[in-house]
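Protein chains: 4
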Amino acid sequence: MKKDKPKYKLIIDAAVVVIAENGYHHAQVSKIAKQAGVADGTIYLYFKNKEDILISLFEEKMGQFVQKIRKKMADTEDAVEQLKVLVESHFQMLADDHHLAIVTQLELRQSNKDIRMRINKVLKEYLVLVDDVLQNGVETGVLSEDLDIRLARQMVFGTIDEVATSWVINDQKYSITELSPGVHRLLVKGLCK
Amino acid sequence: MKKDKPKYKLIIDAAVVVIAENGYHHAQVSKIAKQAGVADGTIYLYFKNKEDILISLFEEKMGQFVQKIRKKMADTEDAVEQLKVLVESHFQMLADDHHLAIVTQLELRQSNKDIRMRINKVLKEYLVLVDDVLQNGVETGVLSEDLDIRLARQMVFGTIDEVATSWVINDQKYSITELSPGVHRLLVKGLCK
Amino acid sequence: MKKDKPKYKLIIDAAVVVIAENGYHHAQVSKIAKQAGVADGTIYLYFKNKEDILISLFEEKMGQFVQKIRKKMADTEDAVEQLKVLVESHFQMLADDHHLAIVTQLELRQSNKDIRMRINKVLKEYLVLVDDVLQNGVETGVLSEDLDIRLARQMVFGTIDEVATSWVINDQKYSITELSPGVHRLLVKGLCK
Amino acid sequence: MKKDKPKYKLIIDAAVVVIAENGYHHAQVSKIAKQAGVADGTIYLYFKNKEDILISLFEEKMGQFVQKIRKKMADTEDAVEQLKVLVESHFQMLADDHHLAIVTQLELRQSNKDIRMRINKVLKEYLVLVDDVLQNGVETGVLSEDLDIRLARQMVFGTIDEVATSWVINDQKYSITELSPGVHRLLVKGLCK
DNA sequence: TATGAATGAGACTTCATTCAT
DNA sequence: GATGAATGAAGTCTCATTCAT
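Chains as they are written, first to last, in the numbering used here: chain F, -16 to 176; chain E, -16 to 176; chain S, -16 to 176; chain H, -16 to 176.
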């Protein structure tokens, strides 16, 4: 399995750094190779093409992420509480890796439609996770019984994503983790009193 | 004033069509010129360069948009009602121009950081509009008194944007305007019952 | 005769200023028109094309120049003295019109081979003038009897031209007219004592 | 060192041929690449941009030239004799490479001011060489003791350059090397007998 | 496995010139 | 005669990918 060879991860991590520091459009394959300490051609022994690096990057990082959250959420069965864990974990992950935060919130979005479609496929796992929480909430009666799950999920994801993006655009200069209680409260209770 | 000359709008509208149909990265200046029915060089009598077309496009369309909403919102002073108008109008605008929807929700986001920064400046006007509604709501007591305006605005915008993007990704095959009551309700009341 | 109409000279003088201030490659027809206070299209009522402006410019200015020198040289029949007048007059003309000096010594030389060939044709008149002086000098016995007229002319012209060009490149910051005695002496006596 | 790789010189020599045969303004990079037998992109592995080719070309060829002359001039200490070597060598170099003669005497002079400034820097070395000869001549008493070195150098260079340019303009149809005694005699003794 | 020199397609922009008014 | 908006051809350079070593 290629993914287990040491250079696979080496190249992906190099890609994160190079994209974060140079921006998506200046992240040439040769720069990634240099950062990883391998020859340009070596990249193509592990990845089909440049797109493949980006998608693998997202798969690798996002996959870990979903697994982590699922584990953490296992501690409770209360959907509201699970949502809290979700928001906290999401923000925590971004806060833990500043480079990755830049890459996922800003740079990777400049990729072309093709790549973005395939990234969305990876994202689906995360969205299913959200759906599960919401579904659970409706079934256990802690969330509104006539909740439109799809819309609700879009609110949850859209809100978390926008808060995260704003934080990155503002150079991550405040603590995003401290925002989770406020975000959680807004999602659960809405704008009204 | 160049913006008042007929070809200015002609070219911008051509750009919307070409970008929507070919994607951001395949929207060559020559294609836009052809679609507008002018010579390549004519573009440069009205725009400094290709970037300038894109930014002007966004300014022109978004500017109109903010003005329209402000006018509609003038009918009521109730923040909750104003929010409803906001969501409805936003979705309506996207539904009214399928090409523009693709361009603003998908294609323009692939532009480089420079352009995106300048697009964000235009977007700010819209965000200020949201802030005004929320501020009004807090002051008149219809919204939660301890609302974090910035977070709340990020929820409102993030949700609307995510709903819109999903709709475009799914080829606009359902009615987005019919979603406004649900979105509005979610924003105001949250996920709980 | 087009050359007698007021706008003909107006445009040529505008061209001198524009080329001197912007350099040959940035001297667009539209700039020349603006400087002359006429419309772009008007240029083409007086000149066949852009080349024609440049060649006419040279003809006009250089023609006057040769006539002036011939007149001044008529005062004496001594070739050595005539050569002195030649050098002095040449330098004086350049000192009198700083813009023209830049144009003839630096900018016009960047024109393509075609234009330069035609400029050389105009220059020929000047070279014939030099030949006449030298021929006269040989015949009257004041110059070396076995002088190779062509080579001698190339030395005279090459020297004057190089001194002038160096002066322009150094921003005309010293007096070129004061150099004429030295140049004259060098040409006549050579480097030896 | 890039300059030592075989393709570096290959491309420079191709540039000389292409510029000589097509003229400066029609010497596209693609033509140079074709002449050199490499891909367009390969050019940019060895040169920063098109300007860089031209400047390198001049540096390379002119650098060799100055070294050659210095070596030849080492045989004698007599300034008059050294001057003879200088003129002969200069003409010999041009006669040896007809393409290069066209490029340096005619085509490269059409380059823009930027390039010409940098070419002048290379040329300076040559001018210093001339200055050294003249200085030596004055100090050893073979040249006029009150010689203005700068003016004298301008006469030497201006004369050589003008003779060379005329020869190239006339399609190199006579032998330029045979002119060196005449030119040398003129420079040393002047026009008088 | 690993290397890295070489490849070559593809698009933005300028500006001399025209011609309907 | 005068205008100036419109035209459209043409060239530099980047960078993902390959393949001989």
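Where a beta carbon is used, it is the ideal one built from N, C-alpha and C, also for glycine.
Neighbourhood of residue i by C-beta distance below 7 Å, restricted to the same chain and skipping five residues each side
{"i": "Ile85 (chain S)", "result": "Ala3, Val151"}
{"i": "Gly6 (chain S)", "result": "Glu90"}
{"i": "Glu60 (chain S)", "result": "none"}
{"i": "Arg53 (chain F)", "result": "Leu112"}
{"i": "Gly1 (chain H)", "result": "Residue identity differs from the one stated: residue 1 (chain H) is Val in this sequence, not Gly. Around Val1 (chain H): Ala10, Lys14, Ile15, Gln18."}
{"i": "Ser94 (chain S)", "result": "Tyr7, Leu37"}
{"i": "Lys44 (chain H)", "result": "Leu83"}
{"i": "Ile132 (chain S)", "result": "Asp114, Leu117, Gln118"}
{"i": "Ser39 (chain H)", "result": "Ile(-5), Phe30"}
Close-in-space but distant-in-sequence residues of the same chain around residue i (CB under 6 Å, 5 per side omitted)
{"i": "Phe30 (chain F)", "result": "Ile36"}
{"i": "Val125 (chain S)", "result": "Ala62, Val63"}
{"i": "Glu34 (chain E)", "result": "Ile98"}
{"i": "Gln88 (chain E)", "result": "Ala147, Thr148, Val151"}
{"i": "Met56 (chain H)", "result": "Gln65, Val68"}
{"i": "Val(-1) (chain H)", "result": "His82, Leu83, Val86"}
{"i": "Val105 (chain H)", "result": "Phe41, Glu42, Met45"}
Residue i - partner residues in DSSP beta bridges
{"i": "Leu126 (chain H)", "result": "S:Cys175"}
Own chain partners of residue i with C-beta closer than 8 Å, once the 5 adjacent residues on each side are dropped
{"i": "Thr160 (chain F)", "result": "Glu71, Phe74, Gln75, Ala78"}
{"i": "Asn119 (chain H)", "result": "Glu60, Ala62, Gln65"}
{"i": "Thr142 (chain F)", "result": "Val166, Leu169, Leu170"}
{"i": "Leu130 (chain H)", "result": "Leu117, Gly120, Val121"}
{"i": "Lys(-12) (chain S)", "result": "Tyr29"}
{"i": "Glu128 (chain S)", "result": "Val121"}
Burial state of residue i, where buried means 16 or more other Cβ atoms lie within 10 Å
{"i": "His167 (chain E)", "result": "buried"}
{"i": "Glu122 (chain E)", "result": "exposed"}
{"i": "Lys67 (chain S)", "result": "buried"}
{"i": "Leu169 (chain S)", "result": "buried"}
{"i": "Ser13 (chain F)", "result": "exposed"}
{"i": "Gln11 (chain H)", "result": "exposed"}
{"i": "Gly24 (chain S)", "result": "exposed"}
{"i": "Met100 (chain H)", "result": "exposed"}
{"i": "Ala(-3) (chain F)", "result": "buried"}
{"i": "Ser158 (chain E)", "result": "exposed"}
{"i": "Leu28 (chain S)", "result": "exposed"}
Exercise. What alpha helix (DSSP H) runs, 4 residues minimum, are completely inside the stretch -9 to 44 of chain H?
Worked result: 12 to 19, 23 to 29
Exercise. Do the stretch 36 to 51 of chain H and the stretch 100 to 118 of chain H meet, that is, are 3 or more Cβ pairs less than 8 Å apart?
Worked result: yes
Problem set entry | Segment contact, 8 Å Cβ cut-off, at least three pairs: the stretch 11 to 19 of chain E with the stretch -12 to -3 of chain E | yes
For this session: Tell me, please, whether the stretch 129 to 148 of chain H touches the stretch 132 to 148 of chain S by the rule of three or more beta-carbon pairs shorter than 8 Å.
Result: yes
Problem set entry | Secondary structure, alpha helix (DSSP H): runs of 4+ residues fully inside the stretch 81 to 155 of chain H | 81 to 88, 96 to 122, 132 to 152
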